[in-house]
Each structure stands twice: as structure tokens, then as C-alpha cells.
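J.: Okay, handing you the structure first.
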Ligand code: URA
């Protein structure tokens with residue numbers, strides 16, 4: 162097994178098996194693999210979806226106005242239970258955009274996506290394909306925490322949709338990684354299980370942006386056996402990005 166791959170797997174917490182009769186290779190702390198950023202626009206998202214929220218101004222907002230609009234948003238009832246909104250974080254010109262479901266308790270307190278235990282694993286997953294957290298852009302389907310981390314409701318997703326669409330348009334990523342069932346189903350407008358959606362290349366509807374779906378890191382914490390499949394998904398998204406350079 163190549164040393165680089167060994168490092169990837171170790172970073173993700175996947176046990177590396179080695180025959181006893183072979184010398185044991187010590188795995189050093191992995192160095193991120195440099196992946197050049199892609200500046201070329203992959204596509205502009207089509208603003209064709211019906212939404213319960215007014216989209217006209219959001220679809221033309223620049224980053225500052227967009228972030229302010231999200232921070233004061235009261236379009237759905239989640240504003241009354243949130244501590245704060247969770248906008249998104251990272252490189253606004255990233256080649257890779259990660260889209261999760263919704264803030265959890267840690268994110269609601271800190272105002273940043275994926276900062277809890279699932280976020281730690283997400284960071285490791287990204288490191289496994291050569292990205293530091295601040296080299297990608299991370300956002301969620303919802304900008305506010307649903308009470309008790311319940312699944313997002315349709316009207317909540319619709320209210321938040323213009324914000325996410327605008328984030329995608331502004332970032333213009335070369336590829337999107339949808340983490341978890343909720344993100345994958347909503348982005349792909351599908352009701353298929355994540356086990357069916359992962360493992361193949363999709364296109365973000367209304368765009369030419371390739372999308373790979375994978376398991377949510379919170380699920381991988383509960384089911385580490387699935388990390389191997391997640392690793393395949395990560396390699397696939399990594400190949401999509403490097404192919405475009
Ligand atoms: N899970 C998500 O999908 N997003 C977060 O920001 C945190 C946990």
C-alpha cells in the first residue's frame with residue numbers, strides 16, 4: 162500500500178492492516194496534499210426553484226449583504242429557538258464546497274458549521290484528501306438549528322434555499338460534497354437513501370457542478386465500518402477537482 166494512501170486512511174481513523182511477516186511501517190503525522198484551487202467557474206446555479214421565501218434580492222447579494230440577511234432572518238419559526246445563525250465558513254473561492262444538514266448544539270452556540278465531534282471527523286476526512294478546513298467552503302442546508310436536532314421541515318428548507326443557492330453561486334465550486342442523507346436528498350431533489358445516492362457522480366440540479374454524496378460524519382462516528390465507503394467517495398470528489406485543473 163502506498164505511503165500516501167496509508168496516511169489518508171490513518172487520518173480518517175481507518176485501521177491499516179498489514180501482514181505480520183512484513184516489516185511494520187511507522188505512519189508519520191500526515192502532511193496535507195496540496196490541491197491547487199480552481200478559479201474557473203463550474204456553473205452558475207439556476208434560480209428556478211419555487212420557494213416560500215422572496216428570492217429576488219438574495220439572488221443578487223454580495224457576501225456582506227448575504228451574511229447580514231441571514232443573521233437577521235426570521236423567515237421561518239427556527240429564528241425563535243436559535244442562539245444565532247450559522248452562515249458558513251471557509252475559502253469563498255474554494256474549489257470544493259461541503260454542504261451539510263443543519264447546525265447542531267455546538268454550531269448554534271459557536272456560530273460556525275461543523276465544530277462538534279462530527280466536525281472533527283469532517284476535518285480529518287478533508288485532510289485525507291489534502292484539504293485543510295480553511296481551504297474549502299462549508300455550509301448547511303439550514304442556517305438555524307432545528308430544536309433537538311430534528312430533521313429539517315420542508316418549509317424551513319425552502320426558506321433557507323435562496324441563501325444556500327447564493328452561496329453556491331458566489332463560491333462557484335468545482336465540486337460539491339453533500340454530507341448526509343438530508344443534504345444529499347435536498348440538493349438532488351431525491352428521496353433515495355444515502356446508500357443509493359453515494360458512490361456515483363451527480364450534477365447539482367440547474368448547474369454543471371458535479372456533486373458527490375457521502376455519509377454524514379456523525380453517522381460515521383456511530384458506524385465506523387462505513388468509513389471505507391466514505392473514503393471511496395472522498396477519492397471520487399478529489400479526482401473530480403484535480404481533473405479540472
Ligand atoms: N451536522 C451538520 O450537518 N452540520 C453542522 O454544521 C453540524 C453537524
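In my numbering, the protein residues as written are 162 to 406.
The beta-carbon is built from N, C-alpha and C at its ideal position, and this holds for glycine as well.
By how many angstroms is the C-alpha of residue 375 removed from the C-alpha of residue 390?
T.: C-alpha separation (whole angstroms): 8 angstroms.
J.: Quick check on this structure: which residue in 245, 258 and 383 has the alpha carbon closest to the alpha carbon of residue 272?
T.: Taking only the C-alpha atoms, the option nearest residue 272 is 245.
J.: Give the DSSP-derived three-state secondary structure of residue 247 in the structure shown.
T.: In the structure shown, residue 247 sits in coil (DSSP, three-state: anything other than H, G, I, E or B).
J.: For the beta strand (DSSP E) that contains residue 371, what are its first and last residues?
T.: First-last of the beta strand (DSSP E) with residue 371: 371-375.
J.: Measuring CB to CB, does residue 260 end up less than 7 angstroms from residue 344?
T.: Cβ atoms of residue 260 and residue 344: closer than 7 angstroms.
J.: Check whether the Cβ atoms of residue 399 and residue 299 sit closer than 7 angstroms, and answer yes or no.
T.: The answer is no: Cβ separation not under 7 angstroms.
J.: With DSSP collapsed to three states, give me the class of residue 398.
T.: Correct three-state label for residue 398: helix.
J.: For residue 308, verify whether its CB is less than 6 angstroms away from any heavy atom of the ligand URA.
T.: No.
J.: Evaluate contact between the region 216-227 and the region 316-335, counting only Cβ atoms and requiring at least three cross-stretch pairs below 8 angstroms.
T.: Output reads yes: the region 316-335 touches the region 216-227.
J.: With a cut-off of 7 angstroms, give the chain-ordered residues whose Cβ is closer than this to any heavy atom of the ligand URA.
T.: That query returns the following residues: 247, 261, 262, 263, 264, 265, 268, 274, 275, 277, 279, 280, 301, 340, 341, 344, 377 and 379.
J.: List, from N- to C-terminal side, the beta strand (DSSP E) runs of 3 residues or more that fit wholly inside the region 332-396.
T.: Correct list: 336-340 and 371-375.
J.: Do residue 313 and residue 263 come within 7 angstroms of each other at the CB atom, strictly closer than that value?
T.: In this structure, residue 313 lies closer than 7 angstroms to residue 263 by Cβ.
J.: What does a CB cutoff of less than 8 angstroms around residue 232 pick up in its chain, not counting 5 residues either side in sequence?
T.: Answer for residue 232: 245, 246 and 248, listed in chain order.
J.: From 402, 333 and 275, pick the residue whose C-alpha is nearest to that of residue 377; which is it?
T.: When only C-alpha atoms are compared, the closest one is 275.
J.: Tell me, to the nearest whole angstrom, how far the beta carbon of residue 254 is from that of residue 332; I am working on the premise that it is less than 8 angstroms.
T.: So it is a contact: roughly 7 angstroms between Cβ atoms.
J.: Can you name the start and end residues of the alpha helix (DSSP H) that residue 258 belongs to?
T.: Segment 257-261 is the beta strand (DSSP E) holding residue 258; no alpha helix (DSSP H) there.
J.: Which value, in whole angstroms, describes the spacing of the CA atoms of residue 346 and residue 394?
T.: Each residue's Cα considered, the two are about 16 angstroms apart.
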